[in-house]
Ligand SMILES: Cc1ncc(COP(=O)(O)O)c(C=O)c1O
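Numbering (this note's numbering), first residue to last: 859 to 1191.
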């Protein structure tokens, strides 16, 4: 469950009224407005689509992975490997590391082959992968496409750069549990005009030149209206999460610790080997390779799956006393 600010509800009513009276329920002004505002927020061009999964699929198609290997962490949501399969790529699972729960360079090197064409870097938990810059340099050197799964990374930056800035592009999700939610929806961001144009065409069956074999991945104007309304509240949501995270930092010793230059949006707050009286969904207890019946040795991911948990940090987790002693008593046995 997530709370929508009263101001967002009012703004949505106003904007959706405008949509209904405009006569344009799809491909209209609100989608353009949501894209322009997300571009301003994330700092790179954006295309609104129907889901985070579609955003990933579109980027993988743009990268041309059909018939090639794509490295994906096993510690992710199933959307990541399935998007690779939809784009015709062969999923090669990789391990991750305990510091940030994301791929590190050595995990990529361990499974890379001459058939590798792309890497999907999944930013797990609300921060960006600590080694994003080194991984970006490596991919550029080796001629690999780097695609970022930014479903958790709303508001995260590394040295001022948002998710999606490091390689070919990034895929955001606005699913019901996400930091900025509009129920269903996604956004592709990319610094490449070519990629942005490809995705615009791919989300719309390749209209009108039909050179791109796309599919239906558009966002409706009513959904985009909620996007605009929610995005206006995002600074407030992120500020609340960051204030709670700062209090959690005082009471949890075994946790993800952010390096210098990293700003997290705190989709989740991640602790290790803690017994919590209250917690929210973990990221992730079931690893994709085992869910897909793929053999392999992923010791760090397996350790993380067993030993991490998440104290509540969803927007609307109210009535909490931010005094560290009160939080300690509320959350720890
Ligand atoms: C890491 C990750 N990737 C991709 C997705 C897919 O997003 P969507 O449900 O919007 O398709 C999600 C979330 O649901 C996710 O958590």
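We treat Cβ as the ideally placed atom computed from N, Cα and C, and that holds for glycine.
Whole-angstrom distance between residue j and residue i, CA atom to CA atom
i: residue 962; j: residue 951; result: 13 Å
i: residue 859; j: residue 869; result: 21 Å
i: residue 1235; j: residue 1060; result: Since the displayed the chain opens at 859 and closes at 1191, residue 1235 lies outside it and no answer follows.
i: residue 1162; j: residue 1052; result: 38 Å
i: residue 968; j: residue 1020; result: 27 Å
i: residue 943; j: residue 1178; result: 43 Å
i: residue 1097; j: residue 866; result: 16 Å
i: residue 1083; j: residue 891; result: 9 Å
i: residue 948; j: residue 1189; result: 42 Å
i: residue 914; j: residue 986; result: 17 Å
i: residue 1011; j: residue 896; result: 13 Å
i: residue 877; j: residue 997; result: 43 Å
i: residue 1155; j: residue 1081; result: 42 Å
i: residue 1054; j: residue 1000; result: 23 Å
i: residue 902; j: residue 1191; result: 44 Å
i: residue 1040; j: residue 921; result: 28 Å
i: residue 1135; j: residue 1114; result: 19 Å
i: residue 1159; j: residue 953; result: 6 Å
i: residue 916; j: residue 1093; result: 28 Å
i: residue 970; j: residue 928; result: 9 Å
i: residue 964; j: residue 1112; result: 24 Å
i: residue 1050; j: residue 979; result: 18 Å
Range of the contiguous alpha helix (DSSP H) that encloses residue i
i: residue 990; result: 990 to 1000
i: residue 1057; result: 1051 to 1060
i: residue 1179; result: Here residue 1179 belongs to no alpha helix (DSSP H), and DSSP marks it neither H nor E.
i: residue 920; result: 910 to 921
i: residue 876; result: 864 to 880
i: residue 961; result: No alpha helix (DSSP H) contains residue 961, which DSSP labels as neither H nor E.
i: residue 1160; result: 1157 to 1165
Extent of the continuous beta strand (DSSP E) run through residue i
i: residue 1028; result: 1027 to 1031
i: residue 1195; result: Within the shown structure, residues of the chain are numbered from 859 to 1191, placing residue 1195 beyond reach of any answer.
i: residue 931; result: 927 to 931
i: residue 1044; result: 1044 to 1047
i: residue 1007; result: 1003 to 1007
i: residue 905; result: 904 to 907
i: residue 948; result: 948 to 952
Integer-rounded CB distance, given that residue j should sit under 8 Å from residue i
i: residue 1014; j: residue 1121; result: 6 Å
i: residue 976; j: residue 1003; result: 4 Å
i: residue 1036; j: residue 1125; result: 7 Å
i: residue 1146; j: residue 932; result: 5 Å
i: residue 1057; j: residue 923; result: Contact doesn't hold; Cβ gap of about 15 Å is too wide.
i: residue 1018; j: residue 1005; result: Contact flag wrong, Cβ pair sits at about 21 Å.
i: residue 1091; j: residue 863; result: 5 Å
6 Å Cβ shell around residue i - same chain, five flanking residues per side excluded
i: residue 1186; result: 1109
i: residue 1144; result: none
Cβ neighbours of residue i in the same chain (closer than 8 Å, five flanking residues each side left out)
i: residue 880; result: 886, 887, 1079
i: residue 1117; result: 988
i: residue 940; result: 911
i: residue 1180; result: 1101, 1102, 1105
i: residue 926; result: 947, 948, 973, 974, 975, 976
i: residue 908; result: 1042, 1043, 1044, 1061, 1074, 1075, 1076, 1077
Close Cβ partners of residue i (< 7 Å) along its chain, the five nearest in sequence each way excluded
i: residue 1175; result: none
i: residue 910; result: 937, 1009, 1029, 1030, 1031, 1033, 1044
i: residue 1165; result: 1130, 1131
i: residue 1087; result: 866, 869, 870, 873
i: residue 1182; result: 1105, 1108, 1109
i: residue 1127; result: 1103, 1106, 1168, 1169, 1171
i: residue 919; result: 945, 1060
i: residue 1140; result: 1166, 1167, 1168
Residue i Cβ short of 6 Å to ligand 3 heavy atom set
i: residue 1130; result: The ligand content of the structure shown is limited to ligand 1, which means ligand 3 is not among them.
Stretch-stretch touch, CB-based, cutoff 8 Å, three pairs: the stretch 1037 to 1053 with the stretch 1067 to 1084: yes
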